[in-house]
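In the working numbering, the protein residues as written are 55 to 426.
From the three backbone atoms N, C-alpha and C, an ideal C-beta is built for every residue, glycine too.
What you are looking at is a predicted structure, and each value in this text was computed from that prediction instead of being measured.
Taking it in order: structure first as structure tokens, then the write-up.
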Amino acid sequence: MIIMSSNVTKWLGSDIEAPSMMLLTSSFMFLNFLAATQDIAVDGWALTMLKRCNVGHASTCNTVGQTAGYFLGYVLFLALESPYFCNKYLRSTDEETGMVTLASFLLFWGWIFIATTTLIAIFKHEANEEVSNNRESQPKNMKDIVNAYKQLYTIVKLPAVQTLALVLFTAKLGFCASDAVSGLKLVEAGVPREDLALLAVPLVPVQIIMPVILAKHTTGPAPFTLWLKAFPLRLLVGPLVALLVALTPSLIGDTGPSYSYLFILMSLYIFHQTCLYCMFVAVMAFYAKVSDPTVGGTYMTLLNTVSNLGTNWPNTLALWAIDHLTFKRCTAPSLDGNTCSTIEDTEVSIRVRSHSFIKHHIVCTSSIVEMA
């Protein structure tokens with residue numbers, strides 16, 4: 055991150071220079087690889103650090119930490135990087151840039167990563183204790199990479215794991231439109247992205263307290279029950295979001311979002327986040343409950359990988375489907391024959407904005423995808 059901070063501005067390109075997509079992709083892939091490696095180690099460490107009766111609290115710690123990280127890395131950064139937000143709320147004199155740049159943000163958190171990792175290495179040591187387990191399939195030396203992969207293969211062959219993997223891989227298909235598409239369609243309809251990011255600010259205290267409140271449900275013998283109860287409620291978010299997206303252009307008009315509209319959006323966002331956090335905390339507690347401490351990192355990583363794949367492929371499918379399932383229509387005296395089917399046609403339509411409009415019909419499609 056420190057090295058990237060001195061180059062990322064150049065890599066992002068400018069009006070006269072194209073962005074360096076290869077460098078950006080490889081750099082962020084490397085950062086994600088390092089973060090994922092550290093995450094795997096911490097997941098496995100939590101299973102041996104906590105008592106068996108308290109492993110459900112690992113999901114609470116995980117959720118609180120991810121909430122704080124999301125707020126600092128996404129909400130706070132978007133706000134401080136945005137000239138719109140800084141000029142409207144933080145400055146007395148308008149400027150063309152925000153108070154924080156991506157380069158300075160990477161530099162600051164790069165040093166924070168180094169400092170915290172060093173302090174953990176110095177002051178917190180892992181106890182080398184043997185974990186008793188009588189399973190015949192357990193390798194004698196779990197530090198051996200080959201044996202670890204053999205153990206992973208043994209885990210994958212378990213019927214219960216295969217059933218769970220199938221559920222995790224397909225369960226989030228019903229959420230893909232509301233999770234991946236709704237924010238983009240709201241921005242397209244005229245809602246500033248800064249306002250969408252700021253919706254998360256009032257929820258941060260709730261998101262930090264909620265896992266603690268849910269701990270009594272996730273530390274018991276059946277933490278997955280909470281996931282099952284929250285699932286249909288989260289499905290209900292889909293048609294509600296589709297309805298809001300359809301009504302947004304008429305509700306905000308040319309003046310921007312009103313306080314009543316933001317209140318409706320905030321209420322829906324709170325409902326969505328409550329369902330999401332109930333499911334996330336419950337499933338993480340379930341992973342910790344069923345994982346074998348001797349291969350905790352491997353077990354947790356396998357389940358998390360399947361869960362992440364089950365999130366990413368429906369979202370990718372929904373984003374891909376936007377262009378193929380969206381219909382555009384341009385009407386204006388000077389736009390005869392213009393169907394807005396290409397980028398050039400759309401740009402022409404925008405240039406004569408006072409006489410034309412572009413209407414996107416994605417709402418019904420979003421509802422169908424969400425209810426699939």
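May I have the straight-line CA-CA distance separating residue i from residue j, to the nearest angstrom?
i, j, result
"threonine 79", "leucine 156", "16 Å"
"isoleucine 412", "valine 245", "For isoleucine 412, the predicted structure reports a pLDDT of 39, less than 50, and the residue's modelled location is therefore unreliable. The matter cannot be settled from this model."
"alanine 351", "aspartate 93", "It should be pointed out that residue 351 corresponds to glycine in this sequence rather than to alanine. Approximately 9 Å between the Cα atoms of the pair."
"valine 109", "phenylalanine 162", "33 Å"
"leucine 457", "tyrosine 203", "Missing from the structure shown is residue 457; the chain here goes from 55 to 426 and no further."
"glycine 67", "proline 73", "4 Å"
"asparagine 358", "serine 146", "46 Å"
"alanine 90", "aspartate 308", "44 Å"
"glutamate 149", "phenylalanine 125", "24 Å"
"tryptophan 99", "proline 303", "49 Å"
"tyrosine 143", "threonine 370", "35 Å"
"leucine 85", "asparagine 362", "17 Å"
"alanine 243", "valine 266", "37 Å"
"histidine 111", "serine 59", "36 Å"
"threonine 31", "lysine 178", "With the chain covering 55 to 426 only, the question about residue 31 has no answer from this structure."
"proline 368", "glycine 237", "16 Å"
"glycine 51", "isoleucine 56", "What is shown of the chain runs 55 to 426, which leaves residue 51 out entirely."
"valine 360", "alanine 342", "15 Å"
"tryptophan 374", "leucine 104", "43 Å"
"proline 277", "threonine 151", "47 Å"
"leucine 220", "asparagine 366", "15 Å"
"leucine 297", "leucine 240", "11 Å"
"lysine 64", "glycine 127", "21 Å"
"glycine 310", "proline 137", "17 Å"
"leucine 356", "threonine 121", "22 Å"
"isoleucine 376", "arginine 247", "19 Å"
"isoleucine 262", "isoleucine 166", "21 Å"
"glycine 123", "threonine 117", "10 Å"
"leucine 88", "isoleucine 324", "32 Å"
"leucine 287", "cysteine 230", "15 Å"
"proline 275", "leucine 212", "21 Å"
"isoleucine 70", "leucine 77", "18 Å"
Within the same chain, show all residues whose beta-carbon is closer than 6 Å to that of residue i, passing over the 5 residues directly before and after it, in chain order.
i, result
"tyrosine 353", "Ser345, Asp346"
"tryptophan 281", "Met333, Ala336, Val337"
"asparagine 188", "Confidence is the limiting factor: at asparagine 188 the pLDDT is only 48, short of 50, which leaves the residue's position unreliable and the question unanswerable from this model."
"alanine 284", "Cys329, Cys332, Met333"
"serine 232", "Val291, Gly292, Val295, Glu424"
"histidine 271", "Leu280"
"histidine 326", "Val291"
"leucine 132", "Ala251"
"leucine 222", "Val360, Ser361, Gly364"
"lysine 194", "Confidence at lysine 194 is low in this model, with a pLDDT of 49, below 50, so its placement is unreliable and no value can be given for it."
"cysteine 140", "Gly152, Met153"
"serine 81", "Met58"
"methionine 264", "Tyr331"
"arginine 106", "none"
For residue i, which residues of its own chain have a beta-carbon under 7 Å away from its beta-carbon, when the five flanking residues on both sides are left out?
i, result
"valine 62", "Leu156, Ala157, Leu160"
Could you check how far apart the C-beta atoms of residue i and residue j are, in whole angstroms? I think they sit under 8 Å.
i, j, result
"leucine 253", "leucine 305", "16 Å between Cβ atoms; not a contact."
"glycine 119", "alanine 225", "The pair is not a contact, with the Cβ atoms about 24 Å apart (cut-off 8 Å)."
"valine 295", "leucine 322", "7 Å"
"isoleucine 209", "valine 200", "Not confirmed; about 15 Å, so no contact."
"valine 154", "leucine 134", "4 Å"
"alanine 234", "alanine 95", "That pair is no contact at about 30 Å."
"leucine 316", "glycine 228", "Contact flag wrong, Cβ pair sits at about 27 Å."
"threonine 273", "alanine 175", "About 29 Å separates the two Cβ atoms, so there is no contact after all."
"valine 255", "valine 129", "6 Å"
Less than 8 Å between C-beta atoms, sequence neighbours within five positions excluded: which residues of the same chain meet that for residue i?
i, result
"serine 468", "Absent from the structure is residue 468, since the part of the chain shown begins at 55 and ends at 426."
"methionine 196", "With a pLDDT of only 46 at methionine 196, under the threshold of 50, the placement of this residue in the model should not be trusted; the figure read from the coordinates follows. So the qualifying residues of the chain are Ala202, Gln205, Thr348, Val349."
"leucine 268", "Thr114, Leu280, Tyr331, Cys332, Val335, Ala336"
- Could you name each continuous alpha helix (DSSP H) segment of 4 residues or more that falls completely within the segment 116 to 175, going from the start of the chain to the end? 130 to 135
- Query: Which runs of the alpha helix (DSSP H), 4 residues or longer, sit entirely within the segment 73 to 113?
  - Reply: 75 to 103
- Query: Where are the alpha helix (DSSP H) runs, 4 residues long or more, that stay fully inside the segment 312 to 371, in chain order?
  - Reply: 313 to 344
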